[in-house]
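Chains as they are written, first to last, in numbering that gives the first Met the number 0: chain A, 0 to 155; chain B, 0 to 155. Glycine residues also receive a C-beta, built at the ideal position from the N, C-alpha and C atoms.
Number of protein chains: 2
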Amino acid sequence: MISKKMKYALKALIHIANHQDTNVSDGHAVEYVKAHDIAEQGHIPKKFLEQILLELKKGRIINSKQGNVGGYYFVKKPEQVTLADVYRLIDGPIALVPCASKNFYEKCDDCPSEEECSIRHALIQVRDETLKVLEKKNIHDLAKGTYIDANVSWTI
Amino acid sequence: MISKKMKYALKALIHIANHQDTNVSDGHAVEYVKAHDIAEQGHIPKKFLEQILLELKKGRIINSKQGNVGGYYFVKKPEQVTLADVYRLIDGPIALVPCASKNFYEKCDDCPSEEECSIRHALIQVRDETLKVLEKKNIHDLAKGTYIDANVSWTI
DNA sequence: CTTTAATTCTACTAATTCCATAGAATTAGC
DNA sequence: GCTAATTCTATGGAATTAGTAGAATTAAAG
């Protein structure tokens with residue numbers, strides 16, 4: 000199960016993707032999306048959302064502009080941000096055990112032979128299949144059709 | 000990530016599978032595996048293990064016999080107990096969101112249209128792929144070759 | 001330069017879940 | 001009845017999750 004943080008992060012990213020001016024000229028977007036709007040329309044606690052947006056910024060998925068007319072915008076293109084990227088950033092390892100993880104690998108403390116571990120073997124298969132799907136889907140895909148009207152439709 | 004409980008449950012089930020007399024005659028095994036041994040050889044806190052075994056019993060995966068020569072044994076055959084079964088029993092839903100779950104379905108509180116939700120759609124795919132692997136692997140598969148020597152080898 | 005309205009950052013709290021332990025009750029065999 | 005096992009319920013601490021508070025900072029606009 001994903002955390003609420005992850006859920007909020009996805010909602011926020013989709014919101015930004017759907018609202019920012021994608022007309023980029025010199026590398027950065029021209030319109031900034033305010034945390035206030037994301038929070039209100041997504042029914043996300045604003046202060047909590049700010050923390051999450053900060054993490055997404057540290058993860059170099061979005062960036063922000065301060066000040067009166069500030070807000071958030073994508074650094075990468077939404078097409079280039081996969082579910083796997085967001086998952087790793089917010090909820091951590093995708094694998095079910097550390098010893099089956101690519102990016103968060105840790106050795107089991109009481110494992111004499113990883114090669115012979117049938118459980119690890121099985122859970123690596125789970126990881127691979129999960130990754131296939133999570134890496135195939137990006138924010139742009141999710142944004143399409145998800146946001147319908149400012150008043151109603153958050154779907155996750 | 001799976002919980003320690005899940006890890007211990009798998010270790011326990013594999014241990015029982017490897018130690019119980021599989022020579023069943025009238026429907027129940029003839030040899031019982033003691034929690035004490037499972038705990039000692041698997042380095043599992045005994046009291047915690049008891050709780051876990053109790054849950055596995057309530058989930059009708061194993062059964063127990065009380066008394067001096069008591070212990071635990073499989074109700075189903077180890078071949079019939081899949082990773083998915085244990086996961087659902089111990090760690091709950093396999094899907095990443097409740098609205099994408101088969102066995103633990105819950106509606107999102109703020110979702111106007113499940114059919115149109117692209118996130119749900121993506122996470123259902125994740126669930127399906129995960130299930131394929133988890134349902135393919137059973138305790139018998141995992142037990143084979145995993146247990147090597149009473150003194151050393153727990154592998155997960 | 002001052003005001004204003006936004007983000008940034010750090011710290012804190014409440015609630016929940018996870019991990020583990022304690023101990024009394026129960027059961028079964030000798 | 002004694003012993004050694006499971007059964008069951010309760011409890012406690014640690015870790016994680018979810019959310020809050022408030023001051024600091026930034027940048028545009030009047």
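Is the CB-CB distance between residue i and residue j below 8 Å?
i	j	result
VAL37 (chain B)	HIS14 (chain B)	The identity of residue 37 (chain B) in the sequence shown is Ile, whereas the question assumes Val. Going by C-beta atoms, ILE37 (chain B) is nearer than 8 Å to HIS14 (chain B).
THR94 (chain B)	ARG126 (chain B)	Sequence inspection shows Ala at residue 94 (chain B); the Thr mentioned does not correspond to that position. Result yes, Cβ atoms of ALA94 (chain B) and ARG126 (chain B) sit closer than 8 Å.
CYS116 (chain A)	GLU105 (chain A)	no
LEU122 (chain B)	VAL96 (chain B)	yes
VAL74 (chain B)	ARG87 (chain B)	no
What's the C-alpha gap between residue i and residue j?
i	j	result
SER2 (chain A)	ASP140 (chain B)	32 Å
SER163 (chain A)	ASN67 (chain A)	Residue 163 (chain A) is absent from the model: chain A starts at 0 and stops at 155.
LEU12 (chain A)	LYS33 (chain A)	12 Å
THR81 (chain B)	HIS120 (chain A)	15 Å
LYS10 (chain A)	LYS57 (chain B)	38 Å
GLN79 (chain A)	ILE138 (chain A)	8 Å
LYS135 (chain A)	THR129 (chain A)	10 Å
ILE61 (chain A)	VAL132 (chain B)	34 Å
SER63 (chain B)	ALA8 (chain B)	15 Å
ASN17 (chain A)	GLU30 (chain A)	11 Å
LYS76 (chain A)	LYS6 (chain B)	39 Å
GLU49 (chain B)	SER112 (chain B)	44 Å
LEU53 (chain A)	TYR72 (chain B)	51 Å
CYS107 (chain A)	ILE118 (chain A)	12 Å
PRO44 (chain A)	GLY69 (chain B)	53 Å
GLN124 (chain A)	GLN65 (chain A)	44 Å
GLN40 (chain B)	ALA142 (chain B)	15 Å
LYS4 (chain B)	GLN19 (chain A)	44 Å
MET0 (chain B)	HIS35 (chain B)	27 Å
For residue i, report the span of its beta strand (DSSP E) as first-last.
i	result
SER63 (chain A)	61 to 64
Across which residues does DSSP place residue i in a beta bridge pair?
i	result
TYR157 (chain A)	Past the boundaries of the shown model lies residue 157 (chain A); chain A is included only from 0 to 155, so the question cannot be answered.
ASN137 (chain A)	A:THR81
Please indicate yes or no: does the CB of residue i lie closer than 7 Å to some heavy atom of the ligand MG?
i	result
LYS136 (chain B)	The ligand MG is not among the ligands present in this structure, which contains no ligands whatsoever.
What are the boundary residues of the alpha helix (DSSP H) that includes residue i?
i	result
GLN50 (chain B)	45 to 57
MET5 (chain B)	3 to 18
*Could you please tell me which residues of the segment 54 to 82 of chain A, in chain order, have their CB closer than 8 Å to any CB of chain B?*
LEU82
*Note down, in chain order, all residues in the segment 81 to 97 of chain B with a beta-carbon under 8 Å from any beta-carbon belonging to chain A.*
LEU82, GLY91, PRO92, ALA94, LEU95, VAL96, PRO97
_Short of 9 Å Cβ to Cβ, which residues in the segment 4 to 15 of chain B face chain A?_
MET5, LYS6, LEU9, LYS10, ILE13
_Short of 8 Å Cβ to Cβ, which residues in the segment 123 to 140 of chain A face chain B?_
GLN124, VAL125, GLU128, THR129, LYS131, VAL132, LEU133, LYS136, ASP140
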